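Encoded as structure tokens, the structure appears first; notes follow it.
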Amino acid sequence: MPGFELFGDEERKEVQDVLDTGVLFRYGFDTARQGHWKARTFESELAARLGAAHCHLVSSGTAALNVALAACGVGAGDEVIIPPFTFVATFEAILAAGAVPVFAEIDSTLCLDPKDLEPKLTARTKAVIAVHMCGAMARIDDIAAFCTRKGLVLIEDTCQSVGATYKGKALGTFGQMGCFSFDPVKTITCGEGGAVITDDADRYALAHAYADHGHDHVGNDRGAEGHPIVGYNYRISELNAAVGIAQLRKLDAILARQRANKNTLKTAMAEFPQIHFRTLPDAAGDSATFLSFMLPDEAQARQTAQELNKAGADGCFYYYDNNWHYLRQWHHLKKMHTAARLPAQLWDYCPDYSRIGLPRSDDIISRTISMQIKLSWTPEQIAQRITAIRNVLG
Ligand SMILES: Cc1ncc(COP(=O)(O)O)c(C=O)c1O
Numbered sequence: 175m176p177g178f179e180l181f182g183d184e185e186r187k188e189v190q191d192v193l194d195t196g197v198l199f200r201y202g203f204d205t206a207r208q209g210h211w212k213a214r215t216f217e218s219e220l221a222a223r224l225g226a227a228h229c230h231l232v233s234s235g236t237a238a239l240n241v242a243l244a245a246c247g248v249g250a251g252d253e254v255i256i257p258p259f260t261f262v263a264t265f266e267a268i269l270a271a272g273a274v275p276v277f278a279e280i281d282s283t284l285c286l287d288p289k290d291l292e293p294k295l296t297a298r299t300k301a302v303i304a305v306h307m308c309g310a311m312a313r314i315d316d317i318a319a320f321c322t323r324k325g326l327v328l329i330e331d332t333c334q335s336v337g338a339t340y341k342g343k344a345l346g347t348f349g350q351m352g353c354f355s356f357d358p359v360k361t362i363t364c365g366e367g368g369a370v371i372t373d374d375a376d377r378y379a380l381a382h383a384y385a386d387h388g389h390d391h392v393g394n395d396r397g398a399e400g401h402p403i404v405g406y407n408y409r410i411s412e413l414n415a416a417v418g419i420a421q422l423r424k425l426d427a428i429l430a431r432q433r434a435n436k437n438t439l440k441t442a443m444a445e446f447p448q449i450h451f452r453t454l455p456d457a458a459g460d461s462a463t464f465l466s467f468m469l470p471d472e473a474q475a476r477q478t479a480q481e482l483n484k485a486g487a488d489g490c491f492y493y494y495d496n497n498w499h500y501l502r503q504w505h506h507l508k509k510m511h512t513a514a515r516l517p518a519q520l521w522d523y524c525p526d527y528s529r530i531g532l533p534r535s536d537d538i539i540s541r542t543i544s545m546q547i548k549l550s551w552t553p554e555q556i557a558q559r560i561t562a563i564r565n566v567l568g
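Per the numbering used here, residue 175 is the first one in the sequence shown, and the count goes up by one each step.
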């Protein structure tokens, strides 16, 4: 998962360019910046790498979700279907938009089960956010087909899966907008940063304006620009974008190393009959940030995760007990505790999240362990890890 393991002279050079000019702001200062447009460069290279017509950088993956919801017209009272296995940012962004998170079951892909979308549909459903968890894809073609059939907006939360593909097409390009994160633990990182991508010029223009106080960015004189819409400040700085450029140029090398490391571990673990690997709708497109597998029951999974971490196979996450990634421990959402004063009607629209029943998701996540794949492992460290795994599972 972590691109920070490969920080080097490439990142230093890009950052130095910015420090040498003194221009940390992504807009304007045309002469002083001496031709260095780090945010713009990152945007055009990321759009080209992912095969999207447009890309706009923002300050985080959470900001990307906020901007995507706004640019897709999702707001007050709308319902947005999401999985219960994600990161808290997914439901936070929906609530911040004045909309209502509606949870649908996941399946053995660890992502939304397309079969549970129809039962969650109401007259107020406006959008689906498909979250590509732990480096790999949801059944995105089925989800996209459902959204098209029902006239719903599809946003992809691809924060954990940059570089992953489904049948050769980049995740993040199947719906109206794809969202990415470059926070400190992501596949490529720039400290804090995010991006939205889209093929739709109008949504791109809205996203660009919304992320910068509604500026239309027409012409070079920032003081004279129009404000067609009200927006916020979700801008990225040139320093962050500079690091991101260097990291993006390493993405293919990162993916190759992750895939090789994961493949070695997966092959070794295939000998244990008690394990079932996560379903990958297209294994070739997996970005391989994690190796996720299921044990027969909750007790064995919880105990195995503890034993693996102790035995030297560290970085094994048991998400069922984790309060960032799975609904069970989201007590703040269940009590609707928030510092913001959300629109009054939102309380009427939202279900009682403490009573949401998602038995199939509970069953799957309670049996799942996700092992983080690192870039810096040496062959000896991988061999030691396999020995540790055999000691625990054998
Ligand atoms: C699935 C998912 N969505 C959104 C985010 C939010 O990204 P950020 O930390 O850049 O705000 C994350 C971050 O972990 C994530 O994993």
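Where a beta carbon is used, it is the ideal one built from N, C-alpha and C, also for glycine. None of these values were measured; they are calculated from a predicted model.
>> Tell me the residue span of the alpha helix (DSSP H) that contains proline 553.
In response: Per DSSP, proline 553 belongs to the alpha helix (DSSP H) from 553-567.
> Can you list, in chain order, every residue whose CB sits closer than 6 Å to a heavy atom of ligand 1?
Replying inline: Ser234, Gly235, Thr236, Thr260, Phe261, Ala263, Thr264, Val305, Asp331, Cys333, Gln334, Ser355, Asp357, Gly368
> Does the stretch 422-438 come close enough to the stretch 390-406 to have 3 or more Cβ pairs within less than 8 Å?
Replying inline: Too few Cβ pairs lie closer than 8 Å, so no.
>> Do isoleucine 317 and valine 302 have their beta-carbon atoms positioned less than 8 Å apart in this structure?
In response: Yes.
> Opposite tyrosine 201 in the DSSP bridges: which residues?
Replying inline: Paired residue(s): none; tyrosine 201 is not in a bridge.
> Hey, out of Gln448, Asp373, Ile362, whose CA is closest to glutamate 185's CA?
Replying inline: Ile362
> Hey, out of Ala485, Thr542, Asp456, Trp521, whose CA is closest to leucine 465's CA?
Replying inline: Thr542
> What separation, rounded to the nearest whole angstrom, lies between the Cα atoms of glutamate 266 and leucine 193?
Replying inline: 34 Å
> Going straight from the alpha carbon of arginine 223 to that of aspartate 373, what length do you get?
Replying inline: About 14 Å.
> Hey, out of Ser550, Ala344, Asp357, whose CA is closest to alanine 226's CA?
Replying inline: When the alpha-carbon of alanine 226 is set against those of Ser550, Ala344, Asp357, the nearest one is in Ala344.
> Shortest alpha-carbon distance to glycine 365 belongs to which of Gly346, Ser234, Ala475?
Replying inline: Ser234
> Between which two residues does the alpha helix (DSSP H) carrying histidine 505 extend?
Replying inline: 505-509
> Based on the DSSP output, what are the partners of alanine 301 in its beta bridges?
Replying inline: Val254, Val327
>> Comparing C-alpha positions only, which one of Ser540, Leu520, Ile556 sits nearest to valine 276?
In response: Leu520
> Roughly how far, in whole angstroms, is the beta-carbon of aspartate 460 from the beta-carbon of glycine 309, given that I think they are within contact range, below 8 Å?
Replying inline: 6 Å
> In this structure, does DSSP put phenylalanine 451 in helix, strand or coil?
Replying inline: DSSP places phenylalanine 451 in strand when its eight states are reduced to three.
> If you draw a straight line from the C-alpha of threonine 299 to the C-alpha of leucine 413, how long is it?
Replying inline: Taking the straight line joining both Cα atoms gives about 39 Å.
>> Short of 8 Å in beta carbon distance, which residues of its chain neighbour alanine 297, apart from the five on each side in sequence? Order them along the chain.
In response: none
>> Considering only their Cβ atoms, is the gap separating glycine 489 from methionine 545 smaller than 8 Å?
In response: yes
> Which residue from Asp290, Thr332, Gly349 puts its Cα closest to that of aspartate 357?
Replying inline: Thr332
> Roughly how far, in whole angstroms, is the beta-carbon of alanine 487 from the beta-carbon of alanine 562, given that I think they are within contact range, below 8 Å?
Replying inline: Right, the Cβ-Cβ distance comes to about 4 Å (below 8 Å), so this counts as a contact.
>> Within a Cβ cutoff of 7 Å, which residues of the same chain sit near threonine 438, ignoring the five residues on either side of it in sequence?
In response: Ile556
> For glycine 393, which option in Gln208, Tyr201, Thr195 has the closest C-alpha, if you only look at C-alpha atoms?
Replying inline: Nearest option by C-alpha distance: Tyr201.
> In terms of alpha-carbon separation, which member of Thr478, Asp191, His228, Val248 lies closest to arginine 121?
Replying inline: Examination of residue 121 is not possible in this model, given that the chain is present from 175 through 568 alone.
> Run through DSSP, which three-state label would tyrosine 406 get?
Replying inline: coil
>> Can you give me the C-alpha to C-alpha distance between aspartate 315 and leucine 286, rounded to a whole angstrom?
In response: Going by the C-alpha atoms only, they are around 12 Å apart.
> Which of helix, strand or coil does DSSP assign to histidine 246?
Replying inline: In the sequence under discussion, the amino acid at residue 246 is cysteine, which differs from the histidine named in the question. Looking at cysteine 246 - three-state DSSP - the assignment turns out to be coil, as it is neither helix nor strand.
> On the premise that tyrosine 384 lies in contact with alanine 245, defined as a C-beta separation below 8 Å, what is that separation, rounded to the nearest angstrom?
Replying inline: 6 Å
>> For glycine 418, report the span of its alpha helix (DSSP H) as first-last.
In response: Here the alpha helix (DSSP H) through glycine 418 covers 412-422.
> Going straight from the alpha carbon of proline 258 to that of asparagine 435, what length do you get?
Replying inline: 29 Å
> Is it right to say threonine 283 is buried, meaning 16 or more other beta carbons lie within 10 angstroms of its own, or is it exposed?
Replying inline: buried
> By a C-beta neighbour count over all protein chains shown, 10 Å radius and 16 as the cutoff for buried, is aspartate 522 buried or exposed?
Replying inline: exposed
> Given that a residue counts as buried once 16 or more other Cβ atoms are within 10 Å of its Cβ, and exposed if not, what is histidine 499?
Replying inline: Histidine 499 should be labelled buried.
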